[in-house]
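See below for the structure under consideration.
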Amino acid sequence: MGFFDKIKEGLKKTTGAVSDVFNDMFAAFVKVDEDLLEELEEAMILADLGAATAAEATEKLRDVAKHERINTAGELREALKNILVDMMQEDTPLDVSKEPAVVLVIGVNGVGKTTTIGKLAASYAAQGKRVMLAAADTFRAAAADQLTIWAQRSGADIVRHGEGADPAAVVFDAIAAAKARGCDLIIVDTAGRLHNKTNLMNELNKIDRVISRELPDSSRETLLVLDATTGQNAVSQAEQFNKAAKLTGIVLTKLDGTAKGGIVIAISAGLGVPVKYVGVGEGIDDLMPFEREAFVTALLPESD
Numbered sequence: 002m003g004f005f006d007k008i009k010e011g012l013k014k015t016t017g018a019v020s021d022v023f024n025d026m027f028a029a030f031v032k033v034d035e036d037l038l039e040e041l042e043e044a045m046i047l048a049d050l051g052a053a054t055a056a057e058a059t060e061k062l063r064d065v066a067k068h069e070r071i072n073t074a075g076e077l078r079e080a081l082k083n084i085l086v087d088m089m090q091e092d093t094p095l096d097v098s099k100e101p102a103v104v105l106v107i108g109v110n111g112v113g114k115t116t117t118i119g120k121l122a123a124s125y126a127a128q129g130k131r132v133m134l135a136a137a138d139t140f141r142a143a144a145a146d147q148l149t150i151w152a153q154r155s156g157a158d159i160v161r162h163g164e165g166a167d168p169a170a171v172v173f174d175a176i177a178a179a180k181a182r183g184c185d186l187i188i189v190d191t192a193g194r195l196h197n198k199t200n201l202m203n204e205l206n207k208i209d210r211v212i213s214r215e216l217p218d219s220s221r222e223t224l225l226v227l228d229a230t231t232g233q234n235a236v237s238q239a240e241q242f243n244k245a246a247k248l249t250g251i252v253l254t255k256l257d258g259t260a261k262g263g264i265v266i267a268i269s270a271g272l273g274v275p276v277k278y279v280g281v282g283e284g285i286d287d288l289m290p291f292e293r294e295a296f297v298t299a300l301l302p303e304s305d
């Protein structure tokens with residue numbers, strides 16, 4: 002099953018709750034006027050695009066309608082799709098070209114961070130890459146145990162220390178082990194704390210210094226894992242984490258569990274950080290590289 006089909010399946014809750022609203026408007030289309038634009042803006046807010054993103058999309062649609070003379074519902078749907086696609090950051094795969102590449106994974110507890118790491122490890126292991134996991138979330142008792150289970154499932158190596166150990170020391174040892182074993186990719190789990198941004202910033206800075214010193218020429222990615230079911234709270238988390246760490250990508254989990262899948266657009270357009278993966282199920286292959294055009298097409302499907 003390809004990305005579009007999985008996204009379409011994963012967005013069933015969203016399409017059921019939101020697309021009917023859009024389809025009703027498209028079906029009743031007569032002309033683009035302020036009443037229609039207002040209804041479309043409200044529908045986009047309902048889909049969790051957020052007020053600012055919905056207002057921007059509406060303004061762009063107003064301009065397109067004025068200059069291109071939209072006369073049919075099909076033209077209106079296509080114009081809105083194009084606007085939403087263009088507002089999102091371009092699709093960019095993880096850069097793991099300079100080995101051993103490092104992927105730093107951050108996010109609050111409960112968003113599916115450890116599961117995301119496990120699925121990433123399995124995906125790259127299936128491509129023939131040797132993967133090292135660094136259990137640098139040393140503040141949550143079960144974190145290293147969970148990561149160890151995923152290492153066993155995916156065939157990855159793992160370096161872990163005791164509870165309460167220095168996370169940067171775990172990363173240092175993982176890098177040393179990865180070099181010795183010829184690993185292609187190092188994925189680093191970090192503590193999911195957001196209540197004290199100063200501590201979070203200090204910890205991430207310390208880890209960053211270790212990676213920069215030990216692997217100055219390696220590819221680097223910093224991924225923030227967000228739970229799609231938390232809606233606009235995910236946008237708030239993304240904004241805070243982006244201040245604490247230079248994010249290169251977003252992973253949005255549990256997209257199949259929300260009726261407001263438009264949160265993907267709100268995050269990508271509002272934060273200026275590309276969505277790199279979305280989770281649309283519990284299976285090990287249900288973490289998929291993101292495709293913005295296929296996503297918007299699934300969000301605004303043609304009516305049956």
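Throughout the sequence shown, residue numbering follows the working numbering, covering 2 to 305 in sequence.
Yeah, the Cβ is synthetic: ideal placement off N, Cα and C, and Gly gets one too.
Values in this document were obtained by computation on a predicted structure and should not be read as measured data.
- Message: Contact between the segment 103-115 and the segment 158-166 is defined here as three or more beta-carbon pairs at a separation below 8 Å; is this criterion met?
- Response: Using a C-beta cut-off of 8 Å, the segment 103-115 makes no contact with the segment 158-166, since fewer than three inter-stretch Cβ pairs fall below that distance.
- Item | Reference residue 258, options 270, 282, 271, closest by Cα | 282
- Query: What are the start and end residues of the alpha helix (DSSP H) that includes residue 92?
  - Reply: Where residue 92 is concerned, there is no enclosing alpha helix (DSSP H), given that its DSSP letter is neither H nor E.
- Item | DSSP state of residue 270 mapped onto helix, strand, coil | helix
- Contacting residues, own chain, Cβ-Cβ under 8 Å from residue 141 (five flanking each side not counted): 110, 192, 193
- Query: If we ignore side chains and look at the alpha-carbon of each, how far apart do residue 6 and residue 86 end up?
  - Reply: 18 Å
- Message: Between the alpha carbons of residue 296 and residue 118, how many angstroms are there, rounded?
- Response: 23 Å
- Specify, as a first and last residue, the run of the alpha helix (DSSP H) that residue 176 falls within. 168-182
- Message: For residue 67, report the span of its alpha helix (DSSP H) as first-last.
- Response: From DSSP, the alpha helix (DSSP H) with residue 67 extends over 52-69.
- Message: Quick check on DSSP: helix, strand or coil for residue 119?
- Response: helix
- Query: What's the C-alpha gap between residue 102 and residue 213?
  - Reply: 12 Å
- Message: Does the CB of residue 82 have a neighbour CB from chain B at under 8 Å?
- Response: The chain inventory of the structure shown lacks chain B, comprising one protein chain alone.
- Message: Any contact between the segment 220-228 and the segment 76-85? By contact I mean 3 or more CB pairs, one from each, below 8 Å.
- Response: no
- Thinking C-beta only, is residue 137 closer than 8 Å to residue 97? no
- Task: Closer than 7 Å by C-beta to residue 91: which residues in its own chain qualify, once you throw out the five before and the five after it? Chain order, please.
- Result: 275
- Query: Excluding the five sequence neighbours on either side, which residues of its own chain have a C-beta within less than 7 Å of the C-beta of residue 106, listed in chain order?
  - Reply: 114, 117, 118, 188, 189, 190, 191, 224, 226
- Item | Spatial distance of residue 182 from residue 157 (CA atoms) | Residue 157 has its alpha-carbon roughly 12 Å from the corresponding atom of residue 182.
- Close-in-space but distant-in-sequence residues of the same chain around residue 273 (CB under 7 Å, 5 per side omitted): 90, listed in sequence order.
- Query: Between the Cα of residue 100 and the Cα atoms of 232, 200, 286, 217, which residue gives the shortest distance?
  - Reply: If we check each option's Cα against that of residue 100, 217 comes out closest.
- Message: Assuming residue 62 and residue 84 are in contact, meaning their beta carbons sit under 8 Å apart, how far apart are those beta carbons, in whole angstroms?
- Response: Indeed, because the Cβ distance is near 6 Å, the residues count as touching under 8 Å.
- Message: Going by DSSP in three states, residue 221 sits in which element: helix, strand or coil?
- Response: strand
- Query: Looking only at C-alpha atoms, which of 148, 133, 126, 122 sits nearest to residue 139?
  - Reply: 148
- Message: So for residue 144, helix, strand or coil by DSSP?
- Response: Three-state result, residue 144: helix.
- Message: Considering just the uninterrupted stretch of the alpha helix (DSSP H) at residue 297, what are its terminal residues?
- Response: Residue range 293-300 is occupied by the alpha helix (DSSP H) that includes residue 297.
- Task: Report the three-state DSSP secondary structure of residue 6 (helix, strand or coil).
- Result: helix
- Query: Nearest to residue 132 by CA position, among 154, 144, 267, is which residue?
  - Reply: Closest option to residue 132, Cα to Cα, is 154.
- Message: Determine whether the beta carbon atoms of residue 300 and residue 262 lie at a separation below 8 Å.
- Response: yes
- Excluding the five sequence neighbours on either side, which residues of its own chain have a C-beta within less than 8 Å of the C-beta of residue 243, listed in chain order? Around residue 243: 225, 272, 274.
- Item | Sub-8 Å separation of residue 253 and residue 236 beta-carbons | No, the pair does not count as a contact, with Cβ atoms beyond the cut-off.
- In angstroms with no decimal places, state the Cα-to-Cα distance between residue 238 and residue 68. 38 Å
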